[in-house]
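In the working numbering, the protein residues as written are -4 to 178. Glycine included, each C-beta is placed from N, C-alpha and C at the ideal position. Structure record follows, encoded as structure tokens.
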């Protein structure tokens, strides 16, 4: 029994929706451990920045640890057939580093709070853009939440911004990572 044109179009539409949902779920599961890793890094970094501000090397060391952990997590989560080196990851990291360096050269932060708020706002933007382009509502929500929590702490609790970001910023990333796993 042949199917009608409208039945074929409906079936193709269902296939496209299922494909998008599957890609979104895969993306969430791939992003989840990265959010958890960086949530822990942020909790440690902002916490140590508040408790021991004299330890100037805290952030560079933690960023290096987080970067290595992110690359390792990404490497481990890739399918076996695609375990080769992909230059785009290194190129993306280099582009981000050059962008941040340029922004700091043009508009250097005048306070530790400004520096402490810059990166979460940048990451919130990236999560939001990923959510918009991949139709990943949860990533968009995570970006909006991170931006709102960062701005709230910066403007409403400046004297407690660092511990705020340790608990709320790091905690939001960790919770967001577990939330993405539940799809």
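- Taking the Cα positions, residue 133 is about 40 Å away from residue -3.
- 115 is the residue among 84, 115, 49 and 54 whose C-alpha sits nearest the C-alpha of residue 149.
- Taking residue 177 as reference, the option from 89, 1, 27 and 139 with the minimal CA-CA separation is 27.
- With contacts defined by Cβ atoms closer than 9 Å, residue 122 and residue 141 form a contacting pair.
- Assigned with DSSP and collapsed to three states, residue 130 falls in coil, not helix or strand.
- Between residue 172 and residue 31, the beta carbon gap of about 4 Å places them in contact (Cβ cut-off 8 Å).
- For residue 68, the enclosing alpha helix (DSSP H) stretches over residues 53 to 72.
- Counting C-beta atoms within 10 angstroms of its own C-beta, residue 107 has fewer than 16 neighbours from the protein chains shown and is therefore classed as exposed.
- Under the DSSP assignment, residue 87 falls in the alpha helix (DSSP H) whose first and last residues are 82 to 101.
- A straight line joining the alpha-carbon of residue 34 with that of residue 4 spans about 44 Å.
- In this structure residue 53 is in contact with residue 40, their Cβ atoms being roughly 6 Å apart against a cut-off of 8 Å.
- In the DSSP annotation of this structure, the continuous segment of the alpha helix (DSSP H) that includes residue 167 starts and ends at 165 to 176.
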